[in-house]
Amino acid sequence: MKRMSGLFLALAALVLPSSRSAVFAQESRASCESADVVWLWKGALTSHSVTFKFGLAAHHGCDDRDFVLSATPQRSEDDDEANAEDSSMAYTNLAMCRSVHIDEDDATDAPVMSCELLDLQHPQQTYRYSLSLLRRSPGVPHVVVKRGVFTTPAVEGQAFDFRFAFSSCADEKSDPKVFDEIREHDPLFLLHMGDLHYHNIEINDVGRFRAAFNSLFDSPSGRAMLAMDVPFAYMWDDHDFGPDNSDKTAPGRNASLQVYREFVPHYELPGDQTAHGRQSAVYQAFTIGRVRFLVTDLRSHRTPNLAPDVPSKTVLGATQKKWLKEELVLATNDPSIGLIVWCSTMPWHDDERKWGYFTHEQRELVNYMQAQGVNKWKPVVIVSGDAHMLAVDDGSHSPGHLPVFHAAALGRPGSIKGGPYSHGAFPGTGQYGLMDVEDDGKRVCLKYQGIRMGTGVLIEYDSCHPERTPPNATYYPPPKAFRPLQRRWKKVKRFLWENVFVVGATGSVLFAFLVVFVLQQRRPKTKNE
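The sequence shown lines up with residues -25 to -1, 1 to 504 when you count with mature numbering (1 follows the signal peptide of the UniProt record, and there is no 0).
Following this line, the structure appears as structure tokens:
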């Protein structure tokens, strides 16, 4: 069975769609090198599938190549890459990679390829994958561009212990070491809750949004993030959807939605099947073990923050809100689900901003959950980003008594939003959350750790044994009257920090002029003066 994987790739090259053969039988303008694949990430992980997406360089020479992704079960932790290639063909999964094209009216193809492994036979299995370039010309060897590993979870609905990481808010200037530290914890996947970048795009230009992804992935921070080689579940927030505090009126809304679908390895998007089609919000859901994850898009259909807070004002939009309600009830009534995690990318309990701008809709959701027995018969917890802090509320203070877990910022200055938080709030950068899910088949327990890079665990919470992680000090937000002053002062400090050299140089010049002026004033005058 030696080199069966290589034979499998050779067979794949023979059965490629004939529509491309006339074009790709000849050499194009340049040879294709492994360096032409400039980034790769994966997501949409299930017990039997995973999706990879990768980008090609602007002037790549790969028009005569086809890309194939193969995955082989790792027989043991000692298996090396060579041994993985010797595995039986019967256990090798193959995915042909396709160009991504979302908008039929857009003549410019995204330089993105998608590879979907859909029929993985082994749950709870580590796989070794290889991305290869297949040459159509005879005698030219295949090139392995990227190798790595991923692990499938248990079959959906079965008890399964796992760990996931979650956080938000980084950019090209962020410290890459935070991703190295996350990787050391070996999470099954990373739930990224928005502000993947801070380009704040205010124009409906697909090219600008594509360039923002490419800029991030080409930065030291972005390369370290992808080098973790863990599957992603990613939902944007304001800075990566559009400008600061963006909503459905953002000028680049439609371009942003298109590029998300192009670049992100996402789960099925229910909104695509609605009247909005591909202009719908990118909300999605998935199940790992007996945990149902609901990931909501709080930007695409959002009413502007400063609009009057009337019952029609919405974060979710009518269609997504209907979906969220239905998902909460379905998961509550599903005997194979033991716990629900709702990813709300912004703080849930905030009496001034964030969900505090949408009190009618928040109250509507709370009343609906209480009427349907949601969070009564089955736990519902919220995970959030946006606020650059680690924080926990055990449900004592949050609307609907839903436990809330915050984790951020990966690489931005610290901030606190919302509250009170029963177990405190810790603003800072280089921060992320780890959630250990323990399921004995009867109940699902969560063990949260809020971690700061280089420091360690700052905050903990055990959902099944809260007495083991009692609060040290509850965080209470300051009175509303003082908060605008706090925010202005924070902006001043951020400006001073980001422009420290300019401020320092200006201060030095002014100080020098002051010294000269004082010396001139103190100099004794002559008789002629």
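By construction, the Cβ of each residue, glycine as well, lies at the ideal position given by its N, Cα and C atoms. Bear in mind the structure is a predicted one, so any value in this text is a computation, not a measurement.
As the crow flies, the alpha-carbon of His276 is around 16 Å from that of Asp219.
Partner residues in the beta bridge of Gln259, as assigned by DSSP, are Val270. Cβ neighbours of Arg73 within its own chain (closer than 7 Å, five residues either side excluded): Met88 and Ser89. One alpha carbon belongs to Ser45, the other to Gly30, and they sit about 18 Å apart. For Gln406, DSSP records a beta bridge to Arg427.
Phe135 carries a coil assignment under DSSP once its states are collapsed to helix, strand and coil. Around the beta carbon of His440, fewer than 16 other beta carbons sit within 10 angstroms, so the residue counts as exposed. Just measuring C-alpha positions, the residue of Val355, Thr334 and His335 sitting nearest Met344 is Val355.
Residue environment for Ser287: exposed (fewer than 16 other C-beta atoms within 10 angstroms of its C-beta). Here Ile426 is not near Tyr396, since their CB atoms are 8 Å or more apart. Gln100 and Thr126 have their C-alpha atoms roughly 5 Å apart. In its chain, beyond the 5 residues on either side, His160, Asp161, Pro162, Leu163, Leu409, Met410, Asp411 and Val412 have a beta carbon closer than 8 Å to the beta carbon of Arg138.
For Asn68, the uninterrupted beta strand (DSSP E) run begins and ends at Asn68 to Met71, by DSSP. Linking Arg463 to Pro453 through their CA atoms gives a straight-line distance of about 15 Å. Between Pro378 and Trp323, the C-beta spacing is not below 8 Å. One Cα belongs to Gly331, the other to Pro98, and the distance between them is close to 42 Å. CA-to-CA, the gap between Arg198 and Leu489 works out to about 47 Å. Within the same chain, and ignoring the five residues on either side of Gly348 in sequence, no residue has its Cβ closer than 6 Å to its Cβ. DSSP places Val239 in no alpha helix (DSSP H); its state is neither H nor E. For the pair Gly169 and Thr320, the CB atoms are nearer than the 8 Å cut-off.
Following the DSSP letters along the chain, one finds Glu156 inside the alpha helix (DSSP H) bounded by residues Lys152 to Glu159.
When only Cα atoms are considered, Ile391 and Leu95 end up about 43 Å apart. In this structure, the straight-line span from the alpha carbon of Ser142 to that of Ser6 is close to 40 Å. Counted as a single uninterrupted DSSP element, the stretch harbouring Glu91 is not any alpha helix (DSSP H) but the beta strand (DSSP E) occupying residues Val87 to Leu92.
Relative to Asp325, the option among Gly264, Gly393 and Arg338 whose CA is nearest is Gly393.
Within the segment 140 to 217, the complete beta strand (DSSP E) runs of at least 3 residues fall at 164 to 167 and 207 to 209.
A direct Cα-to-Cα measurement between Asp41 and Arg122 gives close to 17 Å.
For Tyr451, the three-state secondary structure derived from DSSP is coil.
Per DSSP, reduced to three states, the secondary structure at Thr47 is strand.
Sequence-distant Cβ neighbours of Pro279 in its own chain, meaning closer than 7 Å and more than five residues away, are Asp222 and Thr224. Per DSSP, Trp317 is one residue of the beta strand (DSSP E) stretching across Leu314 to Cys318. Just measuring C-alpha positions, the residue of Gln495, Tyr423, Gly405 and Met364 sitting nearest Tyr450 is Met364. Within the DSSP bridge table, the entry for Glu301 names no partner. Per the coordinates, the alpha-carbon of Cys420 lies some 11 Å from the alpha-carbon of Ile315. A distance below 7 Å between beta-carbons, with the five flanking residues on each side excluded, links Ala187 to the following residues of its chain, in chain order: His172, His174 and Ile176. Between the alpha carbons of Glu339 and Trp211 lies a gap of roughly 24 Å.
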